[in-house]
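K.L.:
In this text, residue positions in the sequence shown follow this note's numbering: the first is 16, and each later residue adds one. All C-beta atoms, glycine included, are put in the ideal place defined by N, C-alpha and C. Quick caveat: nothing in here was measured; it's all calculated off a predicted structure. Here's a structure for you.
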Amino acid sequence: MVGLVSENQGAKIVNFDRLSDTQYVMIASPEKAICDKIITTRDVRFRSIKNAYEFLIENLRLDESGLRNLNTVQIENWVLDSPKSESLRMLIKFIQEL
């Protein structure tokens, strides 16, 4: 059962799903989850598209078709206020070149 939805400029960021009368779980959008993973993983800095490929495809083993479907406009909205903004910009370039 889907509950509240947190939005940023019309884009869904997090779903709040109700598990029971007293339990809820937050589920991040795929875009938010990948950005959070990049930001919170120590020593991950994308300086090239190759770095992004190695981390996302080879290390995390994410599916290229799933990455291709990510909303890069949504990610662009977060770049200015985010740590590792250069890595997020490289993420966007990588996705656009898939």
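For I42, report the span of its beta strand (DSSP E) as first-last.
P.N.:
For the purposes of this step, residue 42 is identified with residue 27 of the sequence shown, where counting begins at 1. It spans Y39 to A43 - the beta strand (DSSP E) in which I42 sits, taken as one unbroken run.
K.L.:
In this structure, does DSSP put R60 in helix, strand or coil?
P.N.:
The count along the sequence shown starts at 1 and reaches residue 60 at position 45. Coil.
K.L.:
Taking the continuous alpha helix (DSSP H) assigned at R83, which residues delimit it?
P.N.:
Here residue 83 refers to the residue found at position 68 of the sequence shown. Here the alpha helix (DSSP H) through R83 covers E79 to R83.
K.L.:
If you pair each beta-carbon of the stretch 25-40 with each one of the stretch 66-79, do three or more pairs fall below 8 Å?
P.N.:
no
K.L.:
Kindly confirm or deny that the stretch 79-98 and the stretch 59-66 touch, where touching means at least three C-beta pairs closer than 8 Å.
P.N.:
no
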